[in-house]
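Numbering (our numbering), first residue to last: 10 to 263. No residue lacks a Cβ here, since even glycine has one placed at the ideal position from N, Cα and C.
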């Protein structure tokens, strides 16, 4: 366990991790550090860099302003770029809505500004604002690959035939978020949606994205470990329900 703490917690947050920030270096902080950074982040099945990104996605969709900045900085230490984290902030919109996404992005921006002042890092170059003309076509192809249909997880939206909302949402999620800049690996985006859906109790949505993870070749243990990470932020009852959904979608041994 000490080895896990040295490999995971110390490089990111120091000896006392996040727990010691408010409560002091007491026995509670010590036990929580062992529990969180040893039992959770020291587990096999998911690399630390991906797990860190999933933590930011969970904290972002929950709008945990007391912890999100710290983990945003930790993800920069793990090698995620500002633009990649901003793309994650945009992905939050699919699960938590645009106000939550915007709020998370604002908190991330504050971290980036403080970090640049301390380290002298330069502002990342902003990409082109021009949208691809074939974005809807690319979106449908991505949705087909992930969900087996060109509407993705919008295929069951109860709207009148011909309503344009479905097309617009498919273009936004599977076109803009998954194709336009494509800064975060697709596997990490899919896992982040599963984690975000889980921590806010949207288990049916998480279940569908578990199926998408299976379709694109992720390992079952990667989804499992993502759900265990979600337990820290959404609570164990919700994570347990999601693990039950995973057992239905993707039985052990498959």
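Going along the chain, which residues of its own chain have a beta-carbon closer than 7 Å to the beta-carbon of residue i, five neighbours each way excluded?
{"i": "residue 98", "result": "69, 110, 113, 114, 117"}
{"i": "residue 186", "result": "99, 100, 103"}
{"i": "residue 244", "result": "none"}
{"i": "residue 62", "result": "84, 89, 97, 197, 201"}
{"i": "residue 119", "result": "78"}
{"i": "residue 261", "result": "none"}
Terminal residues of the continuous alpha helix (DSSP H) containing residue i?
{"i": "residue 228", "result": "Taken as a continuous stretch (DSSP letters only), residue 228 belongs to no alpha helix (DSSP H), as it is neither H nor E."}
{"i": "residue 182", "result": "Careful: residue 182 lies outside any alpha helix (DSSP H) and carries neither H nor E."}
{"i": "residue 107", "result": "107-128"}
{"i": "residue 59", "result": "57-71"}
{"i": "residue 257", "result": "245-258"}
Count the other C-beta atoms from every protein chain shown that fall within 10 angstroms of the C-beta of residue i, then say buried if there are 16 or more, exposed otherwise.
{"i": "residue 126", "result": "exposed"}
{"i": "residue 26", "result": "In this predicted model, residue 26 has a pLDDT of only 48, less than 50, meaning its place in the structure is not dependable; the value taken from the coordinates is given anyway. Answer is buried; the Cβ neighbour count reaches 16."}
{"i": "residue 182", "result": "buried"}
{"i": "residue 86", "result": "exposed"}
{"i": "residue 256", "result": "exposed"}
{"i": "residue 65", "result": "buried"}
{"i": "residue 168", "result": "exposed"}
Excluding five sequence neighbours on each side, which residues of the same chain lie with their C-beta closer than 8 Å to the C-beta of residue i?
{"i": "residue 179", "result": "145, 148, 149, 152, 159, 160, 161, 163"}
{"i": "residue 227", "result": "196, 199, 200"}
Please state if the CB of residue j and the CB of residue i are separated by a distance shorter than 8 Å.
{"i": "residue 59", "j": "residue 200", "result": "yes"}
{"i": "residue 225", "j": "residue 215", "result": "no"}
{"i": "residue 236", "j": "residue 248", "result": "yes"}
{"i": "residue 258", "j": "residue 239", "result": "no"}
{"i": "residue 82", "j": "residue 124", "result": "yes"}
For residue i, which residues of its own chain have a beta-carbon under 6 Å away from its beta-carbon, when the five flanking residues on both sides are left out?
{"i": "residue 105", "result": "70"}
{"i": "residue 166", "result": "175"}
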